[in-house]
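**Q** Handing you this structure, nothing more for now.
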Amino acid sequence: DTNHNLPLLTRPPGRRAPSARCHTGDTNVATWHYLTLDLGLALEGTISFAGAATKRLGVNADEGAFPFQVSASVTLEDGLADKERAGTEVWLPHWTRPARSDEVLALLREGRAHCGPRPARTGVDIARAIASLGVDRGIGAFSRYAILKGRVGGENYNTAVSLGRFHVAERAGVDLLREVDPWLDRFRRAAGDKNAPPRFGSALRRIDSAIFDFCKYGGAAFFQTIIVALGAAERELANAERFREAKGLRPLAGLSRAWIETADDGSCEYKIALTLAGVRPEPDRPREQPKIGPLRANLEPVDWQKRCRAWAEKDRSVVWNAAALAANLANVLQRRMMDGARAGCERLPLASRHAAPLDAIAAFLAGDLDDQRIEELIWGLMLIDTRRRHPSRAGMNRIRDRQRADPNPLPREYALLKLLFLPRPLVPERSGESLKWRLAQFRPDPANPQRKRLESGLVIRPEPRILPLLRAGRVGEACRIAAQRLRVSGLAPMPGPLPTGVMRDDNWSEGAMDSRRAQRLAAALLIPISSKSVNCLVDLVCRGESAAAEALALAAEGETK
Numbered sequence: 049d050t051n052h053n054l055p056l057l058t059r060p061p062g063r064r065a066p067s068a069r070c071h072t073g074d075t076n077v078a079t080w081h082y083l084t085l086d087l088g089l090a091l092e093g094t095i096s097f098a099g100a101a102t103k104r105l106g107v108n109a110d111e112g113a114f115p116f117q118v119s120a121s122v123t124l125e126d127g128l129a130d131k132e133r134a135g136t137e138v139w140l141p142h143w144t145r146p147a148r149s150d151e152v153l154a155l156l157r158e159g160r161a162h163c164g165p166r167p168a169r170t171g172v173d174i175a176r177a178i179a180s181l182g183v184d185r186g187i188g189a190f191s192r193y194a195i196l197k198g199r200v201g202g203e204n205y206n207t208a209v210s211l212g213r214f215h216v217a218e219r220a221g222v223d224l225l226r227e228v229d230p231w232l233d234r235f236r237r238a239a240g241d242k243n244a245p246p247r248f249g250s251a252l253r254r255i256d257s258a259i260f261d262f263c264k265y266g267g268a269a270f271f272q273t274i275i276v277a278l279g280a281a282e283r284e285l286a287n288a289e290r291f292r293e294a295k296g297l298r299p300l301a302g303l304s305r306a307w308i309e310t311a312d313d314g315s316c317e318y319k320i321a322l323t324l325a326g327v328r329p330e331p332d333r334p335r336e337q338p339k340i341g342p343l344r345a346n347l348e349p350v351d352w353q354k355r356c357r358a359w360a361e362k363d364r365s366v367v368w369n370a371a372a373l374a375a376n377l378a379n380v381l382q383r384r385m386m387d388g389a390r391a392g393c394e395r396l397p398l399a400s401r402h403a404a405p406l407d408a409i410a411a412f413l414a415g416d417l418d419d420q421r422i423e424e425l426i427w428g429l430m431l432i433d434t435r436r437r438h439p440s441r442a443g444m445n446r447i448r449d450r451q452r453a454d455p456n457p458l459p460r461e462y463a464l465l466k467l468l469f470l471p472r473p474l475v476p477e478r479s480g481e482s483l484k485w486r487l488a489q490f491r492p493d494p495a496n497p498q499r500k501r502l503e504s505g506l507v508i509r510p511e512p513r514i515l516p517l518l519r520a521g522r523v524g525e526a527c528r529i530a531a532q533r534l535r536v537s538g539l540a541p542m543p544g545p546l547p548t549g550v551m552r553d554d555n556w557s558e559g560a561m562d563s564r565r566a567q568r569l570a571a572a573l574l575i576p577i578s579s580k581s582v583n584c585l586v587d588l589v590c591r592g593e594s595a596a597a598e599a600l601a602l603a604a605e606g607e608t609k
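So for the sequence shown, our numbering puts the first residue at 49; every next one is plus one.
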């Protein structure tokens with residue numbers, strides 16, 4: 049400024065010329081401007097962040113508390129390295145209205161950011177506190193900075209790295225993360241050990257990144273990413289027996305049903321994964337102990353009799369491996385059929401509290417869905433206990449039903465074969481002039497109204513030869529056997545017999561199908577469907593009137609043997 053006759057600074061007042069182009073060359077900075085404004089305000093603002101005299105982190109904390117300063121969290125988008133996890137983060141608040149100096153000082157003295165019942169300890173904790181409105185009113189956003197050592201100038205030099213701005217907004221569902229906090233704290237300590245395999249550090253970073261992104265952006269898609277990340281960590285533990293035993297890590301289990309609603313984006317991948325993750329055996333009578341485990345017992349060695357809260361010795365029931373999704377699902381189906389028969393289950397252990405719509409199954413059969421996404425979601429959704437309600441969401445049990453704009457036609461081969469892989473008998477029900485089919489339901493027992501029993505209906509016994517034939521690509525032969533089984537059970541599949549009485553089941557063998565589609569067909573037989581969908585399958589493969597008349601007579605006599 050020529051009025052004050054003060055010289056200009058030809059060297060920038062910062063390390064490595066931050067204001068110069070390419071960090072080289074001279075810059076002209078007014079001395080008075082730098083000293084009185086930039087440096088003066090910076091020093092005054094720094095003093096405002098003086099350490100608190102008390103400890104806000106609890107009586108067991110061994111460090112002083114600084115306003116909005118926590119341990120650094122390494123996420124996928126911030127560019128920090130794993131070795132920089134030992135640094136700190138400072139979250140600088142932005143106000144939505146002008147604030148006086150005493151108001152700012154009062155806020156910084158408190159530095160309130162609570163993640164549930166405890167103060168925030170990491171950057172992810174602060175993100176959760178913001179998403180649950182656990183910060184002071186009047187703050188509209190935070191600028192996030194990491195204070196790191198060793199990035200520039202050696203270990204004795206601290207570097208401030210800007211990690212972007214985080215806007216304050218409430219995210220529905222963030223309170224559900226409290227359910228995983230005890231398990232996640234143990235996993236964080238184990239993964240942070242210097243001798244821990246690197247894949248566990250990567251799994252932890254993926255979880256933190258997913259939680260951070262959900263708190264920042266919200267929505268079902270980002271909440272799904274949290275479920276996928278938790279499932280990936282669980283999968284790593286399932287394959288690391290020594291590590292989990294040494295660290296005392298148990299399986300993650302018991303998440304409430306509210307997770308299902310929060311993660312539901314209406315996609316076909318989610319519907320199929322949710323249905324498969326809930327596959328379980330139905331006890332022969334209500335309140336009886338099931339004879340075999342749920343689908344989770346086919347993916348990892350867990351003690352299903354303890355509600356999957358403990359590890360078990362790996363046995364032959366665990367058949368999931370690194371193969372493709374369709375191959376793994378076919379393996380699981382065959383294993384469950386064998387285990388159910390060996391344990392003496394009266395019905396197939398293929399029930400689920402959720403059902404996949406037929407348009408989603410048709411898309412799966414056509415190969416239009418993301419198999420990797422389905423597999424990742426299965427590993428995450430199986431951690432949810434569908435019997436457990438979240439206290440604040442007791443009425444939530446609705447799954448979004450978004451129909452595909454261009455649904456694929458459902459193959460008749462699938463409709464024929466699926467009728468042999470149902471968890472309950474078929475029951476015909478008259479609706480006006482037409483008959484509709486549904487799965488049997490538990491009704492009060494006339495002899496003892498306090499108890500319930502399953503309705504009598506048409507029992508279609510499975511045929512053990514079908515799955516090996518499908519996996520060998522011999523779809524036509526499998527369909528021919530299925531048609532014969534349906535006819536013996538009381539359903540008359542099309543085409544009907546010739547005038548001479550000769551059956552035309554060989555017509556099912558005329559269609560050709562490649563081995564890849566045959567494998568997907570076998571996998572799709574594991575996916576549970578609804579009672580409404582059962583009626584559609586019968587309409588596709590059977591002669592309605594004759595089949596209904598015959599089945600009604602059989603149902604009146606009781607279950608077919």
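Just so it is clear, CB atoms sit at the ideal spot from N, CA and C, and this is done for glycine as well.
Residues in the same chain with beta-carbon distance under 8 Å from Cys590, minus the five sequence neighbours each way, listed in chain order, please.
**A** Counting only Cβ-Cβ distances below 8 Å, and skipping sequence neighbours, we find Leu534, Leu539, Ala540, Pro541, Met542.
**Q** In this structure, does DSSP put Asn346 in helix, strand or coil?
**A** Three-state result, Asn346: helix.
**Q** How about the segment 325 to 332 and the segment 357 to 368: do they share at least three Cβ pairs that are nearer than 8 Å?
**A** Contact fails: fewer than three Cβ-Cβ distances are below 8 Å.
**Q** In its own chain, which residues sit with a C-beta less than 7 Å from the C-beta of Leu297, not counting the 5 before and 5 after it?
**A** Excluding sequence neighbours, Leu297 sits near Arg234, Phe235, Ala238, Leu285.
**Q** Taking only three categories from DSSP, how would you classify Gln498?
**A** Reduced to three states, the DSSP call for Gln498 is strand.
**Q** How far does the alpha helix (DSSP H) with Trp368 in it extend, from its first residue to its last?
**A** No alpha helix (DSSP H) contains Trp368, which DSSP labels as neither H nor E.
**Q** From the DSSP secondary-structure annotation, give me the bridge partner or partners of Ala194.
**A** DSSP lists Glu137, Val209 as partners of Ala194.
**Q** For Leu300 and Leu278, which I take to be in contact (beta-carbon distance under 8 Å), what is that distance rounded to the nearest angstrom?
**A** Confirmed, about 6 Å.
**Q** What residue from Glu461, Leu468, Ile195 has the CA that sits closest to Gly524's CA?
**A** The residue with the shortest Cα to Cα distance from Gly524 is Glu461.
**Q** Beta-carbon within less than 7 Å of Asp493's beta-carbon, same chain only, minus the 5 sequence neighbours each way: which residues are those?
**A** So the list reads Arg499, Lys500, Arg501, once near-sequence residues are dropped.
**Q** Drop a sphere of 10 angstroms on the beta-carbon of Ala294, count the other beta-carbons inside from all chains shown, and report buried for 16 or more, exposed for fewer.
**A** Ala294 comes out exposed.
**Q** Going by DSSP in three states, Gly266 sits in which element: helix, strand or coil?
**A** Three-state result, Gly266: coil.
**Q** Check this for me: beta carbons of Cys631 and Leu470, under 8 Å apart or not?
**A** Lying before the first or after the last residue shown, residue 631 is absent from the chain, which here runs from 49 to 609.
**Q** Based on the DSSP secondary-structure assignment, which residues constitute the bridge partners of Leu425?
**A** For Leu425, which the question treats as bridged, DSSP gives no partner whatsoever.
**Q** Within the continuous alpha helix (DSSP H) that includes Leu567, where are the two ends?
**A** A quick correction: the sequence has Gln, not Leu, at residue 567. Here the alpha helix (DSSP H) through Gln567 covers 563 to 572.
**Q** Could you have a look at Cys393 and say whether DSSP puts it in helix, strand or coil?
**A** It is coil, neither helix nor strand.
**Q** Could you have a look at Thr144 and say whether DSSP puts it in helix, strand or coil?
**A** Thr144 falls in the coil class under three-state DSSP.
**Q** What residues in its chain sit with their C-beta under 8 Å from that of Arg355, if we drop five residues either side in the sequence?
**A** Excluding sequence neighbours, Arg355 sits near Ala301, Gly302, Asp433.
**Q** State the Cα-Cα distance for the pair Arg316 and Ser180, rounded to the nearest angstrom.
**A** In the sequence on display, residue 316 carries Cys and not Arg. Their Cα atoms are separated by approximately 30 Å.
**Q** Report all residues from its chain with a CB closer than 7 Å to the CB of Ala375; omit the five preceding and five following residues, and keep chain order.
**A** Excluding positions up to five away in sequence, the list reads Gln567.
**Q** Determine the extent of the beta strand (DSSP E) in which Ser482 is found, giving its start and end residues.
**A** Ser482 -> beta strand (DSSP E) spans 482 to 487.
**Q** Excluding five sequence neighbours on each side, which residues of the same chain lie with their C-beta closer than 8 Å to the C-beta of Ala399?
**A** Here the set comprises Val327, Arg328, Pro329, Glu330, Pro471, Arg472, Pro576.
**Q** Among residues of its own chain, excluding the 5 on either side of Lys264, which ones have a beta-carbon nearer than 7 Å to its beta-carbon?
**A** Closer than 7 Å at the Cβ level, and outside the excluded window around Lys264, lie Ala175, Phe214.
**Q** Am I right that Leu487 and Val582 are in contact with their C-beta atoms under 8 Å? What's the rounded C-beta distance?
**A** At roughly 6 Å, the Cβ-Cβ gap stays under 8 Å, so Leu487 and Val582 are in contact.
**Q** Within a Cβ cutoff of 6 Å, which residues of the same chain sit near Asp419, ignoring the five residues on either side of it in sequence?
**A** Counting only Cβ-Cβ distances below 6 Å, and skipping sequence neighbours, we find Leu373.
**Q** In the DSSP assignment, the beta strand (DSSP E) including Ser581 goes from what residue to what residue?
**A** Note, Ser581: premise wrong, no beta strand (DSSP E); alpha helix (DSSP H) at 579 to 589.
**Q** From Asp312 to Arg169, what distance separates their C-alpha atoms?
**A** If I take the Cα positions, the gap works out to 30 Å.
**Q** When DSSP builds the beta bridges, which residues end up paired with Ile432?
**A** Ile432 pairs with Leu303.
**Q** Report the rounded CA-to-CA distance for Asn496 versus Asn287, giving the unit in angstroms.
**A** Answer to the nearest angstrom: the Cα atoms are 48 Å apart.
**Q** Against chain D, with Cβ distances strictly below 8 Å, would Lys295 count as a contact?
**A** Of the protein chains in this structure there is only one, and it is not chain D.
**Q** Alpha helix (DSSP H) containing Phe412: first to last residue?
**A** Run containing Phe412: 406 to 413, per the alpha helix (DSSP H) assignment.
**Q** What do you get for Ala403, buried or exposed, if any count of 16 or more other CB atoms within 10 angstroms of its CB means buried?
**A** Answer is buried; the Cβ neighbour count reaches 16.
**Q** Helix, strand or coil for Thr123, going by three-state DSSP, please let me know.
**A** Of the three classes helix, strand and coil, the one that applies to Thr123 here is coil, per DSSP.
**Q** Within 10 angstroms of the Cβ of Val536, are there 16 or more other Cβ atoms? Answer buried if so, exposed if not.
**A** Exposed, by the Cβ-count rule.
**Q** Give every residue of the same chain whose Cβ lies closer than 8 Å to the Cβ of Glu503, excluding the five residues on either side of it in the sequence, and list them in chain order.
**A** The residues are Pro473, Val475, Ala488, Gln489, Phe490, Arg491.
**Q** For the beta strand (DSSP E) that Phe490 lies in, which residues bound it at each end?
**A** Start and end: 490 to 493.
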